[in-house]
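Protein chains in written order, with full-length UniProt numbering: chain A, 1 to 415; chain B, 1 to 415.
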């Protein structure tokens, strides 16, 4: 079956999915979890094929690690399926209702987006995360994974399909583009008649390609150049802990701090201890001219490029600023509008930062590392949107729906 | 100044707009309303230039009518400005807030989209509608109107700018691409670095061009192929009135009915009177084979194309169907997912229609003509979205904002 035909069928069945009850959706998710548990060995066997092919192709160690499905990761997928089953069903929720002078009642009711296309790279667990959220939100889903994970993705999709059809889902509700050809992606991006939204998950190259070629709306997840600003009124203990955590706890993720901004009125008190902490954790520091002065031997000079950099590594850019405004301007100019924090005991400065920093998640006195669907309490996430429409930040189950207007009348006509 | 430079400056000032209080925004809108009132003659004089040029270019009567600004239409714009001033300010509204086990408090706060680009045709009143909604929602706006309305748009923008700057808005908050060159549109659509969202308002050709060329998100307003389904359990009086109103009250707009579906169990009772009503109103009827039988002389045979047609005229396609499911399938297949209604006294059929019809506005026992921001009680509207993400249906002030996450901590770090 070609991609167009698949998309067309997905669209056709998508209209029927709202008929499937929450109970059946939950049973499907739990059934898939059971099947994953039963077939662990089979999954690892298929995954081995991808790993061997990957090694032969000379994939990097990091790539091979992302590809790997071991028992712990399979258990993680089982957990996701059970977690999504336990989330509230957003479909049919009426978020607002009001009456107009002529007596009609108007409401906004959450409905599925329709057909969701997911284009992703390497990590096969995305197959389970994305499909489970689509099952629960009554969306049809078309999955296009990376060629390097084709065998792993295929078996996971087969398990999900088996669970879904055994509970009465139409077979076309979950579709998998079972090819390693890149052309299939291009074809998919033209099918705006059938696919309502595309969510790319992967590196910046993939996301740009999708955004530039898609004819349907795309929800993007670009990089995270996150900041912590240590205000002149910061509590030093909190500042040291938050900055250290935001940089060091897991440097390879999008919500880790990449640039630290320090107010010049507090930098003498703050910097020496902070530098010692980073030194011990082997964090490379790249400072502006004033930051350099605190340890000219250890800190390297930062270039303009450093302010834009997403290191995803134990490297940190450091800048001394003279005002809250300068910090806010720096973040809005060089940042990626992902997650940014201020450390301050001053109420007015905190609120100003909250209002003026144009990012998906803005923090007062907490680590940027909290930006995550699960940690925020939304359950599993489809990604973290850096777009400005539909959803900003962690994209949860609710964000796979959209309110439509429902109107209850009694024969009203327009005069 | 070139388009890129304009967009860049709009982006820069956009970050400051949340500092402007609701009171100042409202004063600005009322000031603009006053200036419009004072300068009616000047506006009409500038509009005359466009009308004369339009006549020379041989624009159609309908086009010239859309271009016209007479006293009534200027009063309409004044009304819009005052109405928008009286709406609640959505910026800063916290729509939800919750606490996590570690004590952080997470909220979702409405913020402006940033820089909104509006690309529109002919009707110069869009200038005032779009700009007033952007002023109130603290968005910077870049307006690109049609070349045929350049003089009218220019004076309206100048008045809006004068009002805004006199109240302290930065000049770059409202920008007007003062050229009749089409190239400017293409240039604008490349500037995803500075423009956060594009809203095209005009014919299908313009919207398709924008959707296919824009690198930033686009909120689209395609056509309205709206249906009324007369269920077998319809109240006949309500059905006649609603169908007549939906077709005849204003046939040239997107929420008018284009296809009427009638259940075969009620068609003998319903059709004769309905046909007489439409005859008197000179509505051309195009029927399926079974519909034809009710008046073979008057009703013309419908072709497959008629089920897809947006006539925007006193023409109606009519189809007899044998079940609610057939009606729903027809609407989801041939419709444009805009506004569709069922007339029924049967609770279960009404609710099934409401859930299963995939349209921005779904009605029980009311005319589709109500789909309109003002009529729904949202105030002025930016258009009616036929997209499936961000907003479906009338796009009001609130839809020019997006919630961002705000997090209040007390030193929390991620373990």
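Idealized CB from N, CA, C, for every residue including glycine.
Q) Hey, does residue 217/A have any beta-carbon neighbour from chain B nearer than 8 Å? A) One-based indexing of the first chain puts residue 217/A at position 217. It does: the Cβ of residue 217/A has a partner Cβ on chain B nearer than 8 Å.
Q) Between residue 341/B and residue 367/B, is the Cβ-Cβ spacing less than 8 Å? A) Here residue 341/B refers to the residue found at position 341 when the second chain is read from its first residue. Here residue 367/B refers to the residue found at position 367 when the second chain is read from its first residue. Yes, Cβ-Cβ distance for residue 341/B and residue 367/B is below 8 Å.
Q: Closer than 7 Å by C-beta to residue 410/A: which residues in its own chain qualify, once you throw out the five before and the five after it? Chain order, please.
A: By one-based count along the first chain, residue 410/A stands at place 410. Cβ contact annotation for residue 410/A (same chain, cutoff 7 Å, sequence separation greater than five): 103, in chain order.
Q: Measuring only between beta-carbons, confirm whether residue 405/A sits less than 8 Å from chain B.
A: Locating residue 405/A in the first chain gives position 405, counting from the first residue. Residue contact with chain B for residue 405/A: present (Cβ-Cβ distance below 8 Å to some residue of chain B).
Q.
Going residue by residue through the stretch 312–378 of chain B, where are the continuous beta strand (DSSP E) segments of at least 3 residues, counting only ones entirely within it?
A. Complete beta strand (DSSP E) runs here, min 3: 315–321, 339–343 and 361–366.
(Q) Between which residues of its own chain and residue 137/A is the CB-CB distance below 7 Å, once the five residues before and five after are set aside? (A) To locate residue 137/A, count along the first chain from 1; it is residue 137. If we look at residue 137/A and ignore the five residues flanking it on each side, its Cβ neighbours are 90, 91, 112, 397, 400 and 401.
Q) residue 50/A and residue 121/A: beta carbons closer than 8 Å? A) Reading the first chain from its first residue, position 50 is the one you call residue 50/A. Reading the first chain from its first residue, position 121 is the one you call residue 121/A. 8 Å or more divides the Cβ of residue 50/A from the Cβ of residue 121/A.
(Q) Any beta carbon from chain B within less than 8 Å of residue 249/A's own beta carbon? (A) The sequence position of residue 249/A within the first chain is 249, counting from 1. Chain B, which has a Cβ nearer than 8 Å to the Cβ of residue 249/A, makes this yes.
Q: With a cut-off of 8 Å on the beta carbons, I'd call residue 143/A and residue 190/A a contact; round off their distance for me.
A: Taking the first residue of the first chain as 1, we reach residue 143/A at position 143. Taking the first residue of the first chain as 1, we reach residue 190/A at position 190. About 18 Å; that fails the 8 Å criterion.
Q) Do we get a CB-CB distance below 8 Å when we pair residue 240/A with the residues of chain B? A) Within the first chain, residue 240/A is the residue found at index 240, counting from 1. Taking Cβ atoms only, chain B never reaches closer than 8 Å to residue 240/A, which makes this a no.
Q: Using three-state DSSP, classify residue 176/A as helix, strand or coil.
A: For this step, residue 176/A is matched to residue 176 along the first chain. In the structure shown, residue 176/A falls within a strand segment according to DSSP collapsed to helix, strand and coil.
**Q.** Cβ shell of residue 335/A (< 7 Å), same chain only, five flanking positions each side left out
**A.** Here residue 335/A refers to the residue found at position 335 when the first chain is read from its first residue. For residue 335/A, where only same-chain residues beyond five positions count, the Cβ hits under 7 Å are 225, 227 and 359.
Q: For the beta strand (DSSP E) holding residue 402/A, just list the boundary residues, first then last.
A: In the first chain, residue 402/A corresponds to position 402, counting from 1. It spans 401–412 - the beta strand (DSSP E) in which residue 402/A sits, taken as one unbroken run.
Q. Chain B partners of residue 25/A, CB-CB under 8 Å?
A. Counting from one through the first chain, the residue named residue 25/A turns up at place 25. Below the 8 Å Cβ cutoff, chain B contributes no neighbours of residue 25/A, its closest Cβ being approximately 15 Å away.
(Q) Let's see if you can read the secondary structure: which residues bound the alpha helix (DSSP H) around residue 388/A? (A) Translated into the one-based positions of the first chain, residue 388/A becomes position 388. Segment: none, residue 388/A is in no alpha helix (DSSP H) and carries neither H nor E.
Q: Please state if the CB of residue 343/A and the CB of residue 269/A are separated by a distance shorter than 8 Å.
A: Position 269 of the first chain holds residue 269/A. Position 343 of the first chain holds residue 343/A. The answer is no: Cβ separation not under 8 Å.
Q. Checking contacts by CB at 8 Å: is residue 273/A closer than that to chain B?
A. Locating residue 273/A in the first chain gives position 273, where the first residue counts as 1. No, because no Cβ of chain B sits closer than 8 Å to the Cβ of residue 273/A.
Q | Buried or exposed by the 16-neighbour rule on C-beta atoms within 10 Å, applied to residue 183/A | A | Position 183 of the first chain, counted from the start, is the residue given in the question as residue 183/A. Exposed.
Q.
Rounded to whole angstroms, what is the Cα-Cα separation between residue 77/B and residue 125/B?
A. Numbered from 1 along the second chain, position 77 holds the residue referred to as residue 77/B. Numbered from 1 along the second chain, position 125 holds the residue referred to as residue 125/B. Using only the alpha carbons, I get a separation of about 6 Å.
Q: For residue 18/B, return the contacting residues in chain A, with the cut-off set at a CB-CB distance below 7 Å.
A: Numbered from its first residue, the second chain carries residue 18/B at position 18. 355 and 356, listed in chain order.
Q. Quick one: which chain B residues come within Cβ less than 7 Å of residue 387/A?
A. Along the first chain, read from residue 1 onward, the residue named residue 387/A stands at position 387. Residues of chain B with a Cβ closer than 7 Å to the Cβ of residue 387/A are, in chain order, 217.
(Q) Given a cut-off of 8 Å on the beta-carbon distance, is the pair residue 312/B and residue 285/B in contact? (A) Counted from its first residue, the second chain places residue 312/B at position 312. Counted from its first residue, the second chain places residue 285/B at position 285. Not in contact: residue 312/B and residue 285/B (Cβ atoms no closer than 8 Å).
**Q.** Residues of the stretch 365–395 of chain A with Cβ closer than 7 Å to any Cβ of chain B, in chain order
**A.** Residues passing the 7 Å Cβ filter: 365, 366, 367, 369, 370, 376, 377, 387, 388, 389, 390, 392 and 393.
Q. Using a beta-carbon distance cut-off of less than 9 Å, what residues from the stretch 175–201 of chain B approach chain A?
A. Answer in chain order: 192, 196 and 197.
Q: For the stretch 202–220 of chain B and the stretch 244–259 of chain B, state whether three or more C-beta atom pairs, one from each stretch, are separated by less than 8 Å.
A: By the Cβ criterion, the stretch 202–220 of chain B is not in contact with the stretch 244–259 of chain B, since fewer than three pairs of Cβ atoms, one from each stretch, lie closer than 8 Å.
Q. Chain A partners of residue 359/B, CB-CB under 8 Å?
A. Counting from 1 along the second chain, the entry for residue 359/B is found at position 359. Against chain A, a Cβ distance below 8 Å from residue 359/B picks out 404.
(Q) Taking its Cβ as the centre, do 16 or more other Cβ atoms sit within 10 Å of residue 79/A, making it buried, or is it exposed? (A) As a first step, residue 79/A must be located in the first chain, where it is residue number 79. Under this definition residue 79/A is an exposed residue.
**Q.** Span of the beta strand (DSSP E), counted from its first residue to its last, around residue 120/A
**A.** The residue you call residue 120/A lines up with position 120 of the first chain. Element bounds for residue 120/A: 115–120.
Q.
Does the structure place the stretch 62–71 of chain A close enough to the stretch 191–201 of chain A that three or more beta carbon pairs sit under 8 Å?
A. Judged by Cβ distances under 8 Å, the stretch 191–201 of chain A makes no contact with the stretch 62–71 of chain A, as fewer than three pairs qualify.
Q: Using a Cβ cut-off of 9 Å, pull out every chain B residue sitting near residue 408/A, in sequence order please.
A: Locating residue 408/A in the first chain gives position 408, counting from the first residue. Contact annotation for residue 408/A against chain B: 350, 354, 363, 364, 365 and 366 [CB-CB distance below 9 Å, chain order].
Q: Count the other CB atoms, across all protein chains shown, that sit within 10 Å of the CB of residue 145/B; report buried if there are 16 or more and exposed otherwise.
A: Counting from one through the second chain, the residue named residue 145/B turns up at place 145. Flag for residue 145/B reads buried.
(Q) If contact is defined by three or more beta carbon pairs under 8 Å, each pair taking one atom from either stretch, is the stretch 378–391 of chain A in contact with the stretch 94–102 of chain A? (A) The stretch 94–102 of chain A is not in contact with the stretch 378–391 of chain A.
Q.
Buried or exposed, going by whether 16 or more other CB atoms sit within 10 Å of the CB of residue 152/B?
A. Position 152 of the second chain, counted from the start, is the residue given in the question as residue 152/B. Label assigned to residue 152/B: buried.
Q: Within the same chain, show all residues whose beta-carbon is closer than 8 Å to that of residue 64/B, passing over the 5 residues directly before and after it, in chain order.
A: Residue mapping note: residue 64/B aligns to position 64 of the second chain, counting from 1. Here residue 64/B has 51, 54 and 55 as same chain residues with Cβ atoms under 8 Å from its own Cβ, once five neighbours each way along the sequence are excluded.
Q.
Taking 8 Å as the threshold (beta carbon to beta carbon), is residue 48/B in contact with chain A?
A. Position 48 of the second chain holds residue 48/B. Not an interface residue.
Q. Residue 229/A by DSSP, collapsed to three states: which one?
A. Stepping through the first chain from its first residue, residue 229/A is reached at position 229. DSSP, reduced to helix, strand and coil, places residue 229/A within a strand of the structure shown.
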